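Residue numbers (the working numbering), protein chains in the order written: chain A, 1 to 235; chain B, 236 to 470.
As structure tokens, the structure follows; a few thoughts come after it.
There are 2 protein chains.
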Amino acid sequence: MSEQKRLQVDNRLIERLTQKERKALLSDCETVELSFGQILCEPRTPLRFAYFPLTGFISLVTTLGDHLPMEVGLIGNEGMLGVTLMLGVDEAPLRAIVQGNGSALKISASRLRRRLLESTKLQKTLNRYLYVLMDELSTSAACNQFHELQPRMARWLLMTHDRAHSDHFYLTHAYLAGMLGVRRSGITVAAGALQRDMIISYSRGEISILDRKGLEETCCECYETTIDDYGRLLP
Amino acid sequence: MSEQKRLQVDNRLIERLTQKERKALLSDCETVELSFGQILCEPRTPLRFAYFPLTGFISLVTTLGDHLPMEVGLIGNEGMLGVTLMLGVDEAPLRAIVQGNGSALKISASRLRRRLLESTKLQKTLNRYLYVLMDELSTSAACNQFHELQPRMARWLLMTHDRAHSDHFYLTHAYLAGMLGVRRSGITVAAGALQRDMIISYSRGEISILDRKGLEETCCECYETTIDDYGRLLP
DNA sequence: TCGTTAATGTGCCGTAGCGTACAGACTATC
DNA sequence: GATAGTCTGTACGCTACGGCACATTAACGA
């Protein structure tokens with residue numbers, strides 16, 4: 001792979017760096033494959049690596065009591081896992097689990113910290129991304145309280161669609177139910193409705209987005225809100 | 236007021252600083268009174284000041300669509316409003332509204348930033364507090380999804396009790412309903428049950444905590460979780 | 001090819017909480 | 001002490017969703 005090629009990295013945070021900073025950061029990274037279901041960190045345990053997704057993507061999930069893990073954040077090539085390392089905290093705040101197969105850049109916590117000291121642009125970028133993440137968390141809190149299953153599911157599908165860079169992805173009803181913190185059969189009904197309306201189609205875990213516009217009409221306002229937040233803070 | 240007295244400030248973040256750093260920070264602060272209902276910042280507008288509550292306390296609320304504002308964070312003398320200023324973002328992420336009368340130290344955004352550059356201890360402290368705040372947001376998201384009104388209300392009362400430093404505070408059913416994102420009459424029923432059990436008593440907005448232990452037994456696990464998080468990160 | 005497992009469809013009952021309305025109780029004000 | 005405003009109690013129908021159970025169907029592996 002040519003040097004030139006390596007510097008065109010498809011991660012929106014890394015793209016914000018100057019050539020020089022990017023090169024420095026990349027020299028500390030290795031490309032790894034993320035595979036569905038892989039757990040990258042557990043809450044309250046040391047966070048040794050950060051990941052900048054390229055084509056894969058990662059769910060941040062809470063682990064509350066005896067409930068199934070529920071998603072509170074989604075990280076694709078617009079973000080990173082491990083931004084809290086900036087805060088000088090060694091532990092992971094949430095479980096991170098790979099939700100979409102694909103590649104990511106992996107860097108050790110210590111090297112990331114060293115690069116942060118060197119590059120104010122990197123600091124600034126990750127600062128802003130951390131802010132966006134906080135926005136997402138508080139939006140999730142309100143969304144869970146106020147919005148119904150169907151719009152929330154539509155939002156979730158849109159967010160996944162954005163990060164999967166494909167109209168098809170793997171995703172069972174049971175899995176989606178866990179992510180949204182609801183019953184599996186509730187998802188079957190809601191997803192069935194979308195399928196009847198030709199908005200999505202699915203079979204045994206293989207979901208296709210047929211009508212993205214339809215999804216956007218079904219989803220709650222929170223989708224647009226989080227997109228706007230990102231756009232405003234990391235244009 | 237003697238210099239000695241001024242340096243014993245009842246805010247747990249400021250207490251973590253060295254004498255010297257504290258003195259420097261305090262020289263940039265003024266003591267102000269917070270009064271119930273006062274709005275200190277609005278989302279997506281410039282955040283000009285930070286506040287370190289002493290005896291007052293502040294709610295962070297989302298403003299989602301046409302819903303009433305709902306609380307996602309509570310800030311008393313264990314924390315501060317405006318920690319996101321560290322991230323170099325000029326805007327406020329959420330509405331902040333005074334929930335308990337009392338005093339706070341107020342500092343301008345620019346002066347806080349200057350002090351941050353001087354004191355790594357201050358940086359470290361605020362970093363960790365920001366992390367705690369993120370933990371709280373994600374806990375709220377899950378709590379809203381999974382837990383019922385009564386335990387959530389109990390948690391909320393405990394959190395307020397901690398920050399009010401008093402067994403009595405002002406708080407109507409309608410207000411509490413807003414904070415929890417539920418109907419007013421739902422609160423009346425849940426609070427009525429606690430009153431029957433002699434756990435709280437109230438009349439026209441004046442609430443008294445009679446049996447804190449009873450509240451702790453009623454509340455969901457999230458209360459303990461957030462306390463533990465704070466204790467672990469800011470011991 | 002068949003049995004096993006995973007994914008989905010469906011139904012049924014229970015209930016927490018919504019939207020709403022209204023009445024009673026207390027407080028403040030003039 | 002009349003009046004208005006605020007706070008609280010309560011009730012009623014409704015719906016989304018929880019918990020659960022079970023049937024059906026597709027995929028997969030021995």
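Idealized CB from N, CA, C, for every residue including glycine.
Since the model is a prediction, treat every value here as computed from it, not as a measurement.
Legend entry - Short CB-CB distance (under 8 Å) between A:M236 and chain B: Because residue 236 of chain A is not part of the residues shown, which for chain A are 1 to 235, the question remains open.
Legend entry - Pair within 8 Å by beta-carbon distance, B:M369 and A:M153: For this step, residue 369 of chain B is matched to residue 134 along the second sequence. For this step, residue 153 of chain A is matched to residue 153 along the first sequence. No, the Cβ-Cβ distance between B:M369 and A:M153 is not below 8 Å.
Inset, instruction - Compare the Cα-Cα distances from B:I434 to each of B:I422, B:G421 and B:E452 and report the closest residue. - result: Counting from 1 along the second sequence, the entry for residue 434 of chain B is found at position 199. Among B:I422, B:G421 and B:E452, the Cα nearest to that of B:I434 is on B:E452.
Legend entry - Proximal residues, the region 359 to 391 of chain B versus chain A, C-beta separation under 8 Å: K359, N362, R363, L365, Y366, L368, M369, D370, L372, S373, T374, S375, A376, A377, C378, N379, Q380 and F381
Legend entry - Neighbour flag for B:G300 against chain A, beta carbons, 8 Å: Your numbering for residue 300 of chain B matches position 65 in the second sequence. It does; some Cβ of chain A falls within 8 Å.
Legend entry - Bounding residues of the beta strand (DSSP E) (the contiguous stretch that carries A:G73): Here the question's residue 73 of chain A lines up with position 73 in the first sequence. For A:G73, the enclosing beta strand (DSSP E) begins and ends at M70 to I75.
Legend entry - Simplified DSSP state of A:T139, which is helix, strand or coil: Here residue 139 of chain A is taken as the residue at index 139 of the first sequence, counted from 1. Helix.
Inset, instruction - Give the residues from the region 299 to 332 of chain B that approach chain A closer than 7 Å (Cβ to any Cβ), ordered along the chain. - result: Taking a C-beta cut-off of 7 Å against chain A, the contacting residues of the region 299 to 332 of chain B are L299, G300, H302, M305, V307, T319, L322, G323, V324, P328 and L329, listed in chain order.
Inset, instruction - Identify the continuous beta strand (DSSP E) that holds A:V98 and give its terminal residues. - result: As a working mapping, residue 98 of chain A is identified with position 98 in the first sequence. From DSSP, the beta strand (DSSP E) with A:V98 extends over R95 to G100.
Inset, instruction - Spell out the partners DSSP gives B:T290 in its beta bridges. - result: If you number the second sequence from 1, residue 290 of chain B lands on position 55. For B:T290, which the question treats as bridged, DSSP gives no partner whatsoever.
Inset, instruction - Measure the Cβ-Cβ separation of A:V72 and A:T63 and say whether it is below 8 Å. - result: Against the first sequence, residue 72 of chain A aligns to sequence position 72. Against the first sequence, residue 63 of chain A aligns to sequence position 63. Not closer than 8 Å, so no.
Legend entry - B:T280 vs B:E326 beta-carbon contact at 8 Å: Within the second sequence, numbered from 1, the residue matching residue 280 of chain B stands at position 45. Within the second sequence, numbered from 1, the residue matching residue 326 of chain B stands at position 91. Cβ atoms of B:T280 and B:E326: closer than 8 Å.
Inset, instruction - Check the DSSP bridge columns for B:L295 and list the partner residues they point to. - result: Looking up residue 295 of chain B in the second sequence gives position 60. For B:L295, which the question treats as bridged, DSSP gives the partners B:G308 and B:A331.
Legend entry - At least three beta-carbon pairs within less than 8 Å, the region 65 to 80 of chain A to the region 154 to 164 of chain A: Three or more Cβ pairs closer than 8 Å define a contact, and the region 65 to 80 of chain A meets that threshold against the region 154 to 164 of chain A.
Inset, instruction - Work out the CA separation of B:C454 and A:A174 for me, nearest whole Å. - result: By 1-based counting over the first sequence, the position of residue 174 of chain A is 174. By 1-based counting over the second sequence, the position of residue 454 of chain B is 219. About 29 Å.
Inset, instruction - Classify B:P470 as buried or exposed, calling it buried when 16 or more other Cβ atoms lie within 10 Å of its own Cβ. - result: Start at 1 with the first residue of the second sequence, and residue 470 of chain B comes out as number 235. With fewer than 16 other Cβ atoms within 10 Å, it is exposed.
Inset, instruction - Please list the residues of the region 201 to 223 of chain A that have a C-beta atom closer than 8 Å to any C-beta atom in chain B, keeping them in chain order. - result: Residues E221 and C222.
Legend entry - C-beta atoms of A:Q99 and A:F57 nearer than 8 Å: Your numbering for residue 99 of chain A matches position 99 in the first sequence. Your numbering for residue 57 of chain A matches position 57 in the first sequence. Cβ distance < 8 Å, so A:Q99 and A:F57 count as in contact.
Inset, instruction - At 8 Å on the CB atoms, spell out the chain A contacts of B:T297, in chain order. - result: Counting from 1 along the second sequence, the entry for residue 297 of chain B is found at position 62. Per Cβ cutoff of 8 Å: S138, T139, A141 and A142.
Legend entry - Cβ distance (whole Å) where B:Y286 is taken to contact B:G317 below 8 Å: Sequence index remark: in the second sequence, residue 286 of chain B carries index 51 (1-based). Sequence index remark: in the second sequence, residue 317 of chain B carries index 82 (1-based). That belief holds up - the Cβ atoms of B:Y286 and B:G317 are roughly 6 Å apart, short of 8 Å.
Inset, instruction - Please check if any C-beta of chain B sits within less than 8 Å of the C-beta of A:L176. - result: In the first sequence, residue 176 of chain A corresponds to position 176, counting from 1. Not closer than 8 Å to any Cβ of chain B, the Cβ of A:L176 fails to qualify, so no.
Inset, instruction - Have a look at B:T266, B:E441 and B:L429 and flag the residue whose alpha-carbon is nearest the alpha-carbon of B:F404. - result: Working through the second sequence from its first residue, we reach residue 404 of chain B at position 169. It is B:E441.
Inset, instruction - Check whether the Cβ of A:G181 lies closer than 8 Å to any Cβ atom in chain B. - result: On the first sequence, position 181 is the one that residue 181 of chain A refers to. For A:G181, the answer is yes, since a Cβ of chain B falls inside 8 Å of its Cβ.
Inset, instruction - Enumerate in chain order the residues of its own chain whose CB-to-CB distance from B:M414 is below 6 Å, with the five nearest sequence positions on each side excluded. - result: In the second sequence, counting from the first residue as 1, residue 414 of chain B sits at position 179. Result list for B:M414: E306, in chain order.
Inset, instruction - Could you spell out where the beta strand (DSSP E) holding B:C276 opens and where it closes? - result: Numbered from 1 along the second sequence, position 41 holds the residue referred to as residue 276 of chain B. It spans I274 to C276 - the beta strand (DSSP E) in which B:C276 sits, taken as one unbroken run.
Inset, instruction - Could you list which residues in chain A have their beta carbon closer than 9 Å to that of B:L468, in chain order? - result: The residue you call residue 468 of chain B lines up with position 233 of the second sequence. Within 9 Å Cβ-Cβ: V89 and E91.
Legend entry - Buried versus exposed, by CB contacts within 10 Å (16 or more), A:G181: Counting from 1 along the first sequence, the entry for residue 181 of chain A is found at position 181. With 16 or more other Cβ atoms within 10 Å, it is buried.
Inset, instruction - Report the rounded CA-to-CA distance for A:R95 versus B:S438, giving the unit in angstroms. - result: Counting from 1 along the first sequence, the entry for residue 95 of chain A is found at position 95. Counting from 1 along the second sequence, the entry for residue 438 of chain B is found at position 203. Roughly 43 Å between the two C-alpha positions.
Inset, instruction - Mind checking which residues open and close the alpha helix (DSSP H) that includes A:L157? - result: The residue labelled residue 157 of chain A in the question sits at position 157 within the first sequence. L149 to A164 is the span of the alpha helix (DSSP H), which, as asked, contains A:L157.
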